[in-house]
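Colleague: Numbering (the working numbering), first residue to last: 16 to 1295. Backbone N, C-alpha and C fix where the C-beta goes; we use that ideal spot for every residue, glycine too.
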């Protein structure tokens, strides 16, 4: 991971005055390679000037075009030269890293979504919404998907971010998840179904829609390099990646790979030692000649040199801590360090530093016995076998075989510490004699293998005992001796020195590596683990030398020279000498590279034939170009400039791969860049400054970059320039400070632009936390130095300025998206519709800001509120003219108020803010006028309605209302119908179902309720005005209801006066309707005339409301009393007729001679029953109906009791007795069936009447016997 601690400020010691020196022949090398590739492809390139030279009449413009083309090609050639040289350094970093590792803790990057994938996603989601898929979902899920499709997938901001490579599939999924979480939170709880289950189900459906018909089991045959760039890469994959990054061809890579000997670990370690030695020399030269760069402080010269030296010491320590060879044993030998000179270490007394026990080697031997030939002295059926041993150690035996076929192919494994071990193999014949103590030896062979010996099985002549007939006995075996990792070369040499090897003699030498900086030349004897003599190679220089005639033995010579010591070596073969010199050259770490002497003609012929057999043939210029690229000294290059090129190309490659990286390098890229900076001394400040420049360039081109990266790099550079680095103060150059100031100014402008365009730079809050990180970085950049914090007011002022600009930008984009045009000639209703649609978009923008961006601005919530107010003020400028253009009595703008107010009143920072208050000021006159007109209209409707009222119930009336023009209630969420049409809205359907009131009263109550619901739905935010509106509507409802009650009472009284008193009297339906009107008034009074709980604090208001209740109750009481009086008057008429049968009257004597029936009783009972049915069917309220029946029954019983009391001294006529018994019996039963309680039925009057009639019945039974004809009070309860 690239953070302030991942790149140490460990270098920058390239000599300022030394110009970059790319190899002069590299152009010939690359050009020759391209020519070879073109010839291999069968393509012949013609010179650019061929066409121009064919005709002399070419226009001057053609020559200019040709010159430009040549210059362009020359520039490309120079760029390619530089990239090739960079690639050489990168190859070495990859081949032998010793400072950095591929990080394993970096966040895994997801695949980015491109334009084609975005279009495919849109099509899949549209197909789901159109029902063209097999995915089943409920309506709520479909609505969530539709909202996601319309609001997110079709958003232009998302398309721009996809083009910039900033969105991954995970971002799309997270936005959908966040959207449905908000929706599911608003759903009601369902028993047995948790909201987590709903979320999981909807996410699963999203995944199914996103995948579409793709077969997830189908995998690509081979992953592209960009697809694995986020993983830990092997060396081969890193080579391939940087070939693509630097534009290096495979052919060029192969040549450079072989020339750099990247597969030779020893050569790479030696190359590092030479580089570090060169850097040390350059540091000493800079210190000696005082050729320093310009620093911000004059006393930083010594600090600068100390930094360079400490960085090189750190690299040396890292190199020395590595194992001797990759893949070998972890063989580490710590040596005592002293002062440094031109080489790596200067050794004092060698015996104190390296002893013979430090160079012990460990070898593994494999002895394979195949077969034996020439065994003739043994019978074919005898058993033979072989034994093998190394240095007299453990013996191993082969399997037994017959002498006719002595074959085994048996392998024995041994370990030894002897560079020249003794391997002894013996052949035995198994003895069959009883007295034989041991088997007979048939032959033996003793070998001294080396690591350079043959690996294949060969025949060896065996030494046979005396008198043996098998003189040609041979054994086929192979002895393989593995080379330990710390053994770099071995072989036989002649040697002569002053302090060691003082005799010219052939010895077996081994070049042993003890550590990364310690090598020793050791000579060994047979069967000895420790060397006979050794020489530590630190400080020596190896080179070819001329033959020494005075020394006998050896044909080709080379030597190793040091102050006060010189050792001459000789061997018999030129190739052997070349290998020895190369091995010693890598071991000594010398800067001088030995050049072999010219070859003889014979040797040249052999070398030429070998070159001709190579599959890659290079000409002299090509070979020289490769050699100069490889042999170029890294110290002669400006690695800061080269690293800038490398980092830029790497970042471009990373941004173009298939991952949504947001500017983060892959682990392999971070590893190579870290290794390059550490190995070649690229200063950390320069690295991060160039990285910042590249990231800002990407951001300025609308490519999404993680602000955390900018923060890391800027923090490192700021701490370095301000002298407050975590690892201490470092030298700061003027160039670094000036570059940092330029980057800081540029970064301030970039961050200000991103904060201003936060909706478009970070759409829908993606990447997660990016806007918050940008604000944090902005505060960090505003700091003057590393310790002084930015005043909160300064940061707040900057954010306020950005958000002010953002409001204008966002509203302008919204107007452009909505295609809004200001045209006065357009129809006002059309303009109002456009403003409504724009208002919905404005609310959507503010909701998105609150949902996705408010967390980032949580430090300044008031600034986000001011931003929203600024945004709404721009909308206000478009709303005001449209509202002024509406007609005077047009109420179509109320939905706009409800839309805006419904959003604003739920936002704590916007409720009763400037825009909200302005909105209220606009609609206060409109609401007041609307209520005034509605009050007048309702009053007229009530007046005219009662004038023409027929008092028919609504159930029997379809549409017979007064044709009074009435205002249309605004179209709010409750879709109220146009008045005076009597189609009730859905929310008022329940009260209408059980009403039997008049059309006028029912229409009145409905209109009052609709008007109050309209005001309630406005949700007026200002509390005082809302209370005023409610009180006014309640007072208006009370006044209207009072008028309704009085008009109904007057009509009822008039109706009752016209009613007759005979048994033919029937309660008129209009009377029932009037009663129902009062009942409805009583029921609606609690909702239409009573304020909300907690508001009735005014005594005057309480008295006024109590007055309405009292009025309704008294009116109802009077109406019931009047109705009962009318019904009781009928009973009074019946009793008057019965009075004619009283004893002592004239009519009684006359009527005694007539035969009277029961018609009078039957007529009265029919009267009771019919009126009971009418009241039961026509009156809604059961409570009031029972009250009517109670009073009616009680009044009837009281009247009967009084009539009988008046005749207490008289005996009832038989006809009177029979009629009264039947009337009392039927009346009691009918009222009981209507629900009159027993306590009311069996009152005192009833008991008195029953007792009198029972007494009269007994008297008649004594005198007249069966004169009553079965009519009796005793069975009145059982009589039908």
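Using the rule of at least 16 other Cβ atoms within 10 Å of the residue's Cβ for burial, across every protein chain shown, is residue 1220 buried or exposed?
Modeller: Its Cβ having fewer than 16 others within 10 Å, residue 1220 is exposed.
Colleague: For residue 475, which three-state DSSP category applies?
Modeller: If DSSP states are grouped into helix, strand and coil, residue 475 belongs with the strands.
Colleague: Express the C-alpha separation of residue 711 and residue 653 in angstroms, rounding to a whole number.
Modeller: In a straight line, the C-alpha of residue 653 is about 24 Å away from that of residue 711.
Colleague: Helix, strand or coil for residue 643? Go by DSSP, reduced to three states.
Modeller: Correct three-state label for residue 643: helix.
Colleague: Within 10 angstroms of its Cβ, does residue 940 collect 16 or more other Cβ (buried), or is it exposed?
Modeller: The residue is exposed, with fewer than 16 neighbouring Cβ atoms inside 10 Å.
Colleague: What residue does the beta strand (DSSP E) around residue 1224 start on, and which one ends it?
Modeller: Per DSSP, residue 1224 belongs to no beta strand (DSSP E) and is neither H nor E.
Colleague: Out of 159, 181, 216, which has the shortest C-alpha to C-alpha gap to residue 197?
Modeller: Here the closest residue by C-alpha is 159.
Colleague: Relative to the C-alpha of residue 1104, which residue among 1047, 1013, 1158, 1182 is closest?
Modeller: The residue with the shortest Cα to Cα distance from residue 1104 is 1047.
Colleague: If I follow the unbroken beta strand (DSSP E) through residue 823, where does it start and stop?
Modeller: Not the beta strand (DSSP E): residue 823 falls in the alpha helix (DSSP H), residues 807–833.
Colleague: Given a threshold of 16 other Cβ atoms within 10 Å of its Cβ, counted over all protein chains shown, does residue 322 qualify as buried or as exposed?
Modeller: Buried: at least 16 other Cβ atoms inside 10 Å.
Colleague: Inspect the CB distances between the stretch 379–398 and the stretch 408–418 and report whether three or more fall short of 8 Å.
Modeller: Yes: at least three Cβ pairs fall under 8 Å.
Colleague: If you draw a straight line from the alpha carbon of residue 9 to that of residue 1271, how long is it in whole angstroms?
Modeller: Since the first and last residues shown for the chain are 16 and 1295, residue 9 lies out of range.
Colleague: According to the neighbour-count rule (16 or more other Cβ atoms, all chains shown, within 10 Å of its Cβ), is residue 231 buried or exposed?
Modeller: Low per-residue confidence applies at residue 231: pLDDT is 41, beneath 50, and the placement is therefore not dependable enough to give any value.
Colleague: Going by the beta-carbon positions, is the gap between residue 871 and residue 795 smaller than 9 Å?
Modeller: No. Outside cutoff.
Colleague: In whole angstroms, what separates the C-alpha of residue 1050 from that of residue 1044?
Modeller: About 10 Å.
Colleague: Report yes if the CB atom of residue 571 is closer than 9 Å to the CB atom of residue 562, and no otherwise.
Modeller: Going by C-beta atoms, residue 571 is nearer than 9 Å to residue 562.
Colleague: Could you please give the first and the last residue of the uninterrupted alpha helix (DSSP H) stretch that includes residue 187?
Modeller: Where residue 187 is concerned, the enclosing alpha helix (DSSP H) stretches over 184–200.
Colleague: Would you tell me roughly how many angstroms separate the C-alpha atoms of residue 686 and residue 117, rounded to the nearest one?
Modeller: In a straight line, the C-alpha of residue 686 is about 5 Å away from that of residue 117.
Colleague: Relative to the alpha-carbon of residue 460, which residue among 291, 440, 468 has its alpha-carbon at the smallest distance?
Modeller: The candidate whose alpha carbon is nearest that of residue 460 is 440.
Colleague: For residue 1245, which residues in the same chain have their Cβ closer than 7 Å to its Cβ, ignoring the five residues on either side in sequence?
Modeller: Within the same chain, residue 1245 has close Cβ partners 1183, 1184, 1187.
Colleague: Does the stretch 136–146 touch the stretch 110–124, meaning 3 or more C-beta pairs lie closer than 8 Å?
Modeller: With a cut-off of 8 Å, the stretch 136–146 and the stretch 110–124 do not count as touching, because too few Cβ pairs lie within range.
Colleague: Would you kindly work out how many angstroms separate the C-alpha atoms of residue 858 and residue 936, rounded to a whole number?
Modeller: Distance between the alpha carbons of residue 858 and residue 936: 20 Å.
Colleague: For the 8 Å Cβ check, are there 3 or more pairs between the stretch 1137–1153 and the stretch 1202–1222?
Modeller: Touching, per the Cβ criterion.
Colleague: When you compare each of 496, 557, 392, 533 to residue 488 by their alpha carbons, which one comes out closest?
Modeller: When each option's Cα is compared against that of residue 488, the closest is 392.
Colleague: According to DSSP, is residue 772 part of a helix, a strand, or is it coil?
Modeller: Reduced to three states, the DSSP call for residue 772 is coil.
Colleague: Between the stretch 732–745 and the stretch 693–713, can you find at least three pairs of beta-carbon atoms closer than 8 Å?
Modeller: The stretch 693–713, when compared against the stretch 732–745, does touch it at the 8 Å Cβ threshold.
Colleague: On the DSSP bridge assignment, give the partners of residue 558 in chain order.
Modeller: In the DSSP output, where bridge partners are listed per residue, residue 558 has 574.
Colleague: Look at residue 531 and residue 256 and say whether their C-beta atoms are less than 9 Å apart.
Modeller: Their beta carbons are not under 9 Å apart, which means residue 531 does not touch residue 256 by this criterion.
Colleague: If I follow the unbroken beta strand (DSSP E) through residue 524, where does it start and stop?
Modeller: Per DSSP, residue 524 belongs to the beta strand (DSSP E) from 520–530.
Colleague: Would residue 180 and residue 675 qualify as a contact pair, given that the criterion is a beta-carbon distance under 9 Å?
Modeller: Yes. Within cutoff.
Colleague: Should residue 492 and residue 405 be called a contact, given that it needs their Cβ atoms to be closer than 9 Å?
Modeller: The answer is no: Cβ separation not under 9 Å.
Colleague: Counting along the chain, where does the alpha helix (DSSP H) carrying residue 433 start and finish?
Modeller: First-last for residue 433: undefined, no H or E at that position.
Colleague: Buried or exposed: which applies to residue 358, given that a residue is buried once 16 or more other Cβ atoms fall within 10 Å of its Cβ?
Modeller: The predicted model places residue 358 with a pLDDT of 31, which falls under 50 and marks its position as unreliable; any figure quoted below should be read in that light. The residue is buried, with at least 16 neighbouring Cβ atoms inside 10 Å.
Colleague: Checking 9 Å against the spacing of the C-beta atoms, do residue 1180 and residue 1241 come in under that value?
Modeller: Contact flag set, yes.
Colleague: Within the continuous beta strand (DSSP E) that includes residue 1184, where are the two ends?
Modeller: Where residue 1184 is concerned, there is no enclosing beta strand (DSSP E), although the alpha helix (DSSP H) it sits in stretches over 1174–1193.
Colleague: Just the Cα atoms here: how many angstroms apart are residue 1288 and residue 1249?
Modeller: Between residue 1288 and residue 1249, the C-alpha separation is close to 21 Å.
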